[in-house]
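See below for the structure under consideration.
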DNA sequence: AGTCAAACCTGGGCGC
DNA sequence: TGCGCCCAGGTTTGAC
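Numbering (the working numbering), first residue to last: 958 to 1231.
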């Protein structure tokens, strides 16, 4: 489910609900979801801490806690983190419940059980390799087209594979990669280092605009994604090519096709992208 | 180094 | 109704 715009939306929706709340307890029903500390130590380690704020890095959600501790959550494909009243019946695949001092719960559910939760001192966050190795934030003010051009130089892999590489840029996944490449008018199989200066500029602008659009529409719900209040996103109605095999290209009307790139389904228009 | 497939899981959808 | 297959927003690992 969740790429940068979805994780950003979860962050924003949870922010208004849980900042300032104290964790009164935690129940772990599926220990393997807890990667650190050992699951049996996790409830004791988080109980009593106040939630100071929420941040996002790439697709990672960071919950800042008192005592310089941070809980790091990655939702992977089907994870959900929702602020829920305690009388709401437990949804299937609910693996961890946090009890908050306002009587509500923060519930983590994950059908496919790929999600991860860490709790550690802020200073040790770099022990999480996926977090440590993340590339730049594509929406950061400091990220420029010139920088993107430098980063692409010498990259012989397909441009879509590069966009999906979290050590290259943080937060782009399969849906937004296809949308970005369509908006930029670039085929996903193009070698990354063979884009013209103009194409790099278009790619940069598409990365920024498509991710921002996704956030503005509260993310994309293709299947499982919901935000921190359990609400679906809206951006699925605005997708141009992703999951639209056979439908007319919004630009030229030719059918959208699906191919495999880097092992992932990729949707594109042969007419509008080259 | 680069590329590919498999692995981690559950469940939906399709053809037969 | 059921079986078998393919598919799914992600990331890591291990084999060539």
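No residue lacks a Cβ here, since even glycine has one placed at the ideal position from N, Cα and C.
Three or more C-beta pairs under 8 angstroms: does that hold for the region 965-978 against the region 1050-1066?
yes
Helix, strand or coil for residue 1027, going by three-state DSSP, please let me know.
Taking the first residue of the first chain as 1, we reach residue 1027 at position 70. Strand, per DSSP.
Checking the sheet assignment: what are the DSSP bridge partners for residue 1217?
For this step, residue 1217 is matched to residue 260 along the first chain. Residue 1217 is bridged to 1222.
Roughly how many whole angstroms lie between the Cα atoms of residue 1229 and residue 1169?
The residue labelled residue 1229 in the question sits at position 272 within the first chain. The residue labelled residue 1169 in the question sits at position 212 within the first chain. Computed Cα separation, rounded: 22 angstroms.
For residue 1034 and residue 1071, what's the separation of their Cα atoms in angstroms?
As a position in the first chain, residue 1034 is number 77, starting the count at 1. As a position in the first chain, residue 1071 is number 114, starting the count at 1. Each residue's alpha carbon lies about 7 angstroms from the other.
In terms of residues, what are the limits of the beta strand (DSSP E) holding residue 1062?
Sequence index remark: in the first chain, residue 1062 carries index 105 (1-based). Its beta strand (DSSP E) spans residues 1062-1067.
Please state whether the Cβ-Cβ distance between residue 1102 and residue 1189 is less than 8 angstroms.
The residue given as residue 1102 occupies position 145 in the first chain. The residue given as residue 1189 occupies position 232 in the first chain. Contact flag unset, no.
Let me know the secondary structure DSSP gives residue 1195 once reduced to three states.
Within the first chain, residue 1195 is the residue found at index 238, counting from 1. Helix, per DSSP.
Roughly how many whole angstroms lie between the Cα atoms of residue 1203 and residue 1222?
On the first chain, residue 1203 is found 246 positions in, with the first residue counted as 1. On the first chain, residue 1222 is found 265 positions in, with the first residue counted as 1. The straight-line gap from Cα to Cα measures roughly 14 angstroms.
Pull up the distance between the alpha-carbon of residue 1063 and that of residue 1121, whole angstroms please.
Numbered from 1 along the first chain, position 106 holds the residue referred to as residue 1063. Numbered from 1 along the first chain, position 164 holds the residue referred to as residue 1121. Near 30 angstroms, if we compare the C-alpha coordinates of residue 1121 and residue 1063.
Quick check: the region 994-1003 against the region 1195-1209, are at least 3 beta-carbon pairs closer than 8 angstroms?
no
Suppose the cutoff is 7 angstroms on Cβ atoms and the five residues either side in sequence are ignored; what does the same chain contact list for residue 1031 look like?
Reading the first chain from its first residue, position 74 is the one you call residue 1031. Result list for residue 1031: 1016, 1017, 1072 and 1073, in chain order.
Taking C-beta to C-beta, are residue 1093 and residue 1042 nearer than 8 angstroms?
Position 136 of the first chain holds residue 1093. Position 85 of the first chain holds residue 1042. For residue 1093 and residue 1042, no; Cβs fall outside 8 angstroms.
Taking 8 angstroms as the threshold, find out whether the region 1138-1151 comes into contact with the region 1105-1122 through three or more Cβ pairs.
yes
Given residue 1212, which residues of its chain have a CB within under 6 angstroms of its CB, disregarding the five upstream and five downstream residues?
Counting from one through the first chain, the residue named residue 1212 turns up at place 255. Here the set comprises 1203.
Write down every uninterrupted run of the alpha helix (DSSP H) in the region 959-984 whose length is 4 residues or greater and which is fully enclosed by it, in chain order.
961-975
Among residues of its own chain, excluding the 5 on either side of residue 1012, which ones have a beta-carbon nearer than 6 angstroms to its beta-carbon?
Counted from its first residue, the first chain places residue 1012 at position 55. Cβ neighbours of residue 1012 beyond the five flanking positions: 1019.
Under a Cβ-count criterion, where at least 16 other Cβ atoms within 10 Å of its own Cβ denotes burial, should residue 988 be classed as buried or exposed?
By one-based count along the first chain, residue 988 stands at place 31. Exposed.
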